[in-house]
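Down below is the structure, laid out as structure tokens.
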Ligand code: F6P
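Residue numbers (UniProt numbering): 1 to 363.
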């Protein structure tokens, strides 16, 4: 029998279980493959005792409709940058890749499928370069990987954000309020941009286009002057004012990053300081965008990724990541896949159409 190991790493994302099931169902058709999962990404292999479970058909049946990941995940413990707390309380990062490779070899896996975001695929690349037979499956609700046209989880996140936005519009209208809704997107504004168009926002703020607060304050005030009497704003968590700073905090790894929930309140204060008289309320969607059942589109994409990933393993095409390009499920080298991001360009057709309809980006 041949053995395949599946793991999920980085932040969770609707569709992870659909990928696991897709791999397992396709592998079972081959009859001579056993399917295993490592709990909490590579920690399941590195930990003592190891946490590696056999993925029987009973374990994977019907999981494609479930949010989260049955294999659990971590976005802290990278095997190539593993945080170890020192006696004085400080954290030092260690490269445990050689120890991991030794353990993987002892377990005799013929193929490994690493489902994860950019960080996870960088780990896949390091391991592949050291001889590990690994294949990547891209995951992120942010849709910011350039090697693939779409990532699963994105459509679900946009749907959740749009549903919430629609609810805020009716309450904004009733109370003559200005609503600010913060969505995820640390570096890329795709969720905000799609939600703004789907929901009909007046203002859409994204990390790629710094905003001018005076212009925004004017735009909000106009809504009241011209009789509309309410205003709805979508803001991505990584958005920043021109010449301004972002609200940040120390992340789990000690690095400085945008604080979820920070920018909505920051913008509210900035609008007031700029003389905006509207009554403002803030809503932060946070991790609701990453939870729950995936929409049909994401289930399909995730399942297709799973099937393709196993087929790459079958053909021994390692060092590849599955991708969706020009309506085809294809594969790209991990080398290429980990080289660039897909952020919103000012000249993107969605931005142009949004501006054409009067949505302000505050630029
Ligand atoms: O990378 C996906 C993402 O959704 C980002 O948009 C967000 O900044 C981040 O996850 C939050 O992750 P966590 O709070 O789980 O570390």
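Even for Gly, the Cβ is constructed at its ideal location relative to N, Cα and C.
- Of the candidates 362, 101, 131, 362 places its Cα closest to the Cα of residue 208.
- Closest by C-alpha distance to residue 299, out of 317, 239, 343, 151, is 151.
- A check of alpha carbon separations from residue 50 across 76, 202, 242, 103 identifies 103 as the nearest.
- The beta carbon of residue 108 lies closer than 7 Å to those of 3 in the same chain, with the five residues before and after it left out.
- Proximity of the beta carbon of residue 181 to ligand 1 is not indicated: no heavy atom of the ligand is located closer than 7 Å.
- Short note on residue 140: C-beta closer than 7 Å to some heavy atom of ligand 1.
- Within 7 Å of the C-beta of residue 11 there is at least one heavy atom belonging to ligand 1.
- Here the C-alpha atom of residue 283 lies approximately 15 Å from the C-alpha atom of residue 204.
- Between ligand 1 and residue 40, a heavy atom-to-CB distance of less than 7 Å is absent.
- In the three-state DSSP reduction, residue 136 falls in the strand class (E or B).
- Three or more beta-carbon pairs separated by less than 8 Å are not found between the segment 339-346 and the segment 45-60, which leaves the two stretches without contact.
- Contact check for residue 73 against residue 17 fails: the beta carbons are separated by 8 Å or more.
- Residue environment for residue 14: buried (at least 16 other C-beta atoms within 10 angstroms of its C-beta).
- Straight-line measurement puts the Cα of residue 41 at about 48 Å from the Cα of residue 218.
- In this structure, residue 186 has its beta carbon less than 7 Å from a heavy atom of ligand 1.
- In the same chain as residue 360, and ignoring 5 residues on each side of it, the C-beta atoms closer than 8 Å to its own belong to 202, 203, 204, 215, 216, 219, in chain order.
- Ranked by how close their Cα comes to the Cα of residue 180, the residues 33, 136, 165, 186 have 165 in first place.
- Residue 52 and residue 328 have their C-alpha atoms some 33 Å from each other.
- Take the alpha-carbon of residue 318 and the one of residue 121: they are about 13 Å apart.
- Contact between residue 149 and residue 184 is ruled out by a C-beta separation of about 20 Å, above the 8 Å threshold.
- Given a length threshold of 3 residues, each whole run of the beta strand (DSSP E) inside the segment 154-227 is given here in chain order: 177-183, 203-205.
- Only buried fits residue 82, as 16 or more other CB atoms lie within 10 angstroms of its CB.
- Looking at the backbone, the Cα of residue 99 and that of residue 112 are separated by about 16 Å.
- Within the segment 313-360, the complete beta strand (DSSP E) runs of at least 3 residues fall at 320-325, 328-333.
- Bridge partners of residue 94 according to DSSP: 82.
- Here residue 12 has 68, 69, 73, 290 as same chain residues with Cβ atoms under 7 Å from its own Cβ, once five neighbours each way along the sequence are excluded.
- Under a 10 Å Cβ-count criterion, residue 326 is classified as exposed, with fewer than 16 other Cβ atoms of the shown protein chains found around its own Cβ.
- If you look at residue 45, you'll find it in the alpha helix (DSSP H) that goes 43-46.
- The shortest C-alpha to C-alpha distance from residue 335 to any of 301, 242, 129 is the one to 129.
- Membership of residue 7 in the beta strand (DSSP E) is indicated by the continuous run 2-8.
- For the set 324, 333, 311, the Cα lying nearest the Cα of residue 29 is the one of 311.
- Cβ contact annotation for residue 84 (same chain, cutoff 8 Å, sequence separation greater than five): 91, 92, 93, 94, in chain order.
- Within the segment 262-300, the complete alpha helix (DSSP H) segments at least 4 residues long are 262-273, listed from N- to C-terminus.
- Taking 7 Å as the cut-off, the C-beta of residue 117 counts as close to a heavy atom of ligand 1.
- Short of 8 Å from the beta carbon of residue 139, and not among the five residues preceding or following it, lie these beta carbons of its own chain, in chain order: 8, 10, 13, 15, 16, 19, 115, 116, 117, 120, 151, 152, 153.
- Residue 46 and residue 239 have their C-alpha atoms roughly 37 Å apart.
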